[in-house]
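Have a look at the structure below before the remarks.
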Ligand code: SIN
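In the numbering used here, the protein residues as written are 76 to 586.
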């Protein structure tokens, strides 16, 4: 059935895409959907409204998807609620096998999925393949974890009683996901939710709904029953109402959101009404510290990976480079050289480019404003410092700033762009104090070869994740999440399941 649908849709989408694809000499991903997925059906919005999905490379339309409203979201929640009545009773082995089927299909369609990600999110196709692999690793991981959601038998203090704890799925989950990792942020949430026995209503970001719909097509092909996995697409204007409905509907048991701290706080408030379970993975302001004892070459490699992955548009991206005074000049010189050698702006579809555009004009303008603010307050521009309009409107030059201080926005806020800012410090104490001087606490990184310093600093950083002599820390096996205003809860790892189950205590008396 899924295959037939795919072929039918292809006819339409080939027409829609042909101009762009001929221009770039790329082949159309074999499944690009123009309908949302609710209750096992491919549906339009009840209003008939649609919105355009734009290619951030050139701002051209890639096609349209349904602009759904509250009525459509209600239908998806009801479908997920009806499906939950059966799905919660499936065995862990059955859920594990369906997740494994889905994983196998995601692996088989790796290149197609990567092309969709590149077209709608702009990242170089090599990076998109990396995201697909990262994304399906969560499905594989949770297919395995599904079979280990065990309870506990307690040591009863009373002879006539036995006590056990069991874990049960919380119910329907609303998964609200961002555009920067359009596949991985869905699979990280849905993989855990489905493994636990929950059903899902996914609201993907307005900028990147096509990847979400492709995931639904493969979930359908994998054999998930109708209503278990639903996708509601909508534009920026409709998003607040859809988010509110997911948070406030009595049929939804929990929300998981990845995105800005500002929206996260709003959803948190909305969830309080029904005392809903909520997982929040919000913004970061990651310090990346290089101590005098560090291997500077390794630190530069880590800095490049952490800062320029997805053009700096990652919550765990290094936001402030704190460099100890003895190695400051050396680090800055080497980073400058590497940025000049390795960063090539261009279309993600061509194999030569290593840095794509920012997701949209708003984001590009935001980055530009942050750099202008820094320059105005005395920052020195060593590289870049402006939009790369010669490549495209949404491109920003890889930028390196020094003379940065705490009055600047780039010190205080998440940049979410290809801008590296370097700050000099004297002592370990000073570095830790600057690192923690933020309301955010997602990731932090440091390079040091002093084992005593490594343990001290790792413990002192107020963050949820620490990269020690390492710039790339994300993995399905690890617990992803932050402290302070960076969020609540953990995703990935075996802890990721905890967000989607509750513990029930059973007490057997009169034995
Ligand atoms: C994010 O930026 O939100 C997620 C990044 C990751 O999972 O590595």
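The beta-carbon is built from N, C-alpha and C at its ideal position, and this holds for glycine as well.
All of these numbers come straight from a predicted model, not from anything done at the bench.
| Check | Outcome |
| --- | --- |
| Inter-residue spacing [alpha-carbon to alpha-carbon] between residue 365 and residue 256 | 28 Å |
| Beta-ladder partner(s) of residue 558, from DSSP | 516 |
| Where the alpha helix (DSSP H) through residue 403 begins and ends | 400 to 417 |
| Identity of the residue in 253, 199, 234 and 275 nearest residue 150 by Cα | 275 |
| Any non-hydrogen atom of the ligand SIN within 7 Å of residue 125 CB | no |
| Where residue 331 falls: helix, strand or coil (DSSP) | strand |
| Terminal residues of the alpha helix (DSSP H) in which residue 530 lies | 526 to 535 |
| Presumed contact (8 Å Cβ cut-off) between residue 357 and residue 335, rounded CB distance | 7 Å |
| Under 8 Å between C-beta atoms of residue 249 and residue 322 | yes |
| Cβ-heavy atom distance, residue 356 to the ligand SIN, below 7 Å | yes |
| Length of the line joining the Cα atoms of residue 447 and residue 494 | 12 Å |
| Helix, strand or coil at residue 213 [DSSP, three-state] | helix |
| Simplified DSSP assignment, three categories, for residue 261 | helix |
| Proximity below 8 Å, CB of residue 126 to CB of residue 113 | no |
| Local Cβ density within 10 Å of residue 311, reported as buried at 16 or more and exposed below that | exposed |
| Cβ-based burial, residue 581 [other Cβ within 10 Å; buried from 16] | exposed |
| Own chain, CB closer than 8 Å to residue 328, minus 5 neighbours either side, in chain order | 245, 246, 247, 248, 273, 351 and 352 |
| Contact test: residue 204 Cβ vs the ligand SIN heavy atom, cutoff 7 Å | no |
| C-alpha gap between residue 574 and residue 110, whole angstroms | 30 Å |
| Cβ-based burial, residue 508 [other Cβ within 10 Å; buried from 16] | exposed |
| Cβ-based neighbour list, residue 511, same chain, cut-off 6 Å, excluding 5 preceding and 5 following | 537 |
| Candidates 193, 557, 279 and 269: closest to residue 243 by CA position | 269 |
| Which listed residue (260, 340, 403 and 384) has its alpha carbon closest to that of residue 370 | 403 |
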